[in-house]
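J.: Position 46 of the sequence shown, counted from 1, bears residue number 52 in my numbering, the numbering being contiguous throughout.
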Amino acid sequence: MDIIKAIFSFENLRKKIIYIIIILLIYRLGSHISIPGMDTDALASLFSNNGLLGFVNLFSGGALSRFSIFALGILPFINASIIMQLLTIILPQLKELSEEGESGRKTIAKYTRYLAVLLSLLQAFVMSIGFKAYILPDINFGFFLIYSVASLVAGAALVMWFGELISENGIGNGASILIFIGIIAEVPFYINNTISLVQSGT
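1. Quick check on this structure: which residue in Leu-78, Gly-107, Asn-18, Leu-59 has the alpha carbon closest to the alpha carbon of Gly-36?
2. Let's test the definition: count the other Cβ atoms within 10 Å of the Cβ of Glu-106 and tell me whether it reaches 16, buried, or not, exposed.
3. Compute the Euclidean distance between the alpha carbons of Ser-54 and Ile-39, then round it to the nearest angstrom.
4. Using 10 angstroms around the beta-carbon of Arg-111, count the other beta-carbons present and answer buried if the total reaches 16, otherwise exposed.
5. Give the list of continuous beta strand (DSSP E) stretches no shorter than 3 residues that lie fully inside the segment 89-119.
6. Using a Cβ-Cβ cutoff of less than 7 Å, which residues in the same chain neighbour Val-123 once the five nearest sequence positions on both sides are dropped?
7. Are the CB atoms of Tyr-155 and Ser-134 nearer to each other than 8 Å?
8. Opposite Met-133 in the DSSP bridges: which residues?
9. Put Ser-182 into one of helix, strand or coil per three-state DSSP.
10. With DSSP run on the structure shown, which of helix, strand or coil describes Ser-40?
11. Taking the C-alpha atoms as reference points, what is the distance between Gly-60 and Ile-145?
12. Sorted by chain position, which residues of the same chain lie with C-beta nearer than 6 Å to Ile-75's C-beta, five sequence neighbours on each side aside?
13. Can you list, in chain order, the residues of its chain with a C-beta nearer than 6 Å to that of Phe-83? Leave out the 5 residues immediately preceding and following it.
14. Would you kindly work out how many angstroms separate the C-alpha atoms of Ala-81 and Ile-183, rounded to a whole number?
15. Which of the three DSSP states is assigned to Ile-80 in this structure?
16. Please state whether DSSP places Ser-206 in a helix, a strand or coil.
17. From Ala-68 to Met-44, what distance separates their C-alpha atoms?
18. Return the CA-CA distance between Tyr-120 and Ile-41, expressed in angstroms with no decimal places.
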């Protein structure tokens with residue numbers, strides 16, 4: 007308790023912690039806003055019965071099983087960052103940029119954002135088609151595909167921005183914090199699920 011009091015006694019640190027908490031609350035709120043037209047109960051059942059999908063869902067903080075606007079989470083940005091790091095080694099132009107100092111790093115960061123949006127567009131398109139069987143019967147698939155992809159891409163871009171805001175104005179790496187919060191948010195569900203499996207003798 008004394009440690010917490012000591013932390014909050016520093017005004018600058020207190021502001022940063024409050025800043026992070028506000029962003030994380032918005033992030034968690036957004037992960038519960040489902041995109042209309044999807045049978046979320048059937049989708050949640052699919053994720054709870056599939057170990058691989060459940061593992062992927064863990065990194066989105068449960069947003070994927072709810073097919074929320076933040077279903078893609080921070081993963082497109084992380085994938086884009088990894089790809090750009092590899093390309094920096096392979097392509098001489100990017101290697102030169104990385105060696106130009108702050109201006110070069112800013113340019114690479116800009117390219118990373120563009121690549122993240124392209125990856126999220128591709129993932130949103132594949133995801134929307136992949137979950138076609140779980141769309142409600144009275145929903146037109148063509149119309150659903152348009153607003154679903156638009157919502158998922160916008161959500162991924164917003165999460166990427168949240169990560170950058172935390173990195174710039176908060177404490178630590180924003181992407182890592184968002185992933186951590188997503189995993190922590192799903193821990194109670196997995197504990198409850200494990201207890202249920204043990205009690206049923208599975």
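Backbone N, C-alpha and C fix where the C-beta goes; we use that ideal spot for every residue, glycine too. Owing to the predicted nature of the structure, the values given are computational and were not obtained by experimental measurement.
T.: Quick answer:
1. Leu-78
2. exposed
3. 19 Å
4. exposed
5. none
6. Val-159, Ala-163
7. Contrary to the premise, residue 155 reads as Val rather than Tyr in this sequence. A contact, by the Cβ cut-off of 8 Å.
8. Within the DSSP bridge table, the entry for Met-133 names no partner.
9. helix
10. Ser-40: strand per DSSP, three-state reduction.
11. So the alpha carbons of these two residues sit roughly 26 Å apart.
12. Gly-36, Ile-39, Ser-157, Gly-161
13. In chain order, Ala-122, Met-166 place their CB closer than 6 Å to the CB of Phe-83, counting only its own chain and leaving out the 5 sequence neighbours on each side.
14. Rather than Ala, the amino acid found at residue 81 in this sequence is Leu. If you take the alpha carbons of Leu-81 and Ile-183, they lie about 13 Å apart.
15. coil
16. Three-state DSSP puts Ser-206 in coil, outside helix and strand.
17. Checking the sequence shown, residue 68 turns out to be Gly, not Ala. Each residue's Cα considered, the two are about 15 Å apart.
18. 24 Å
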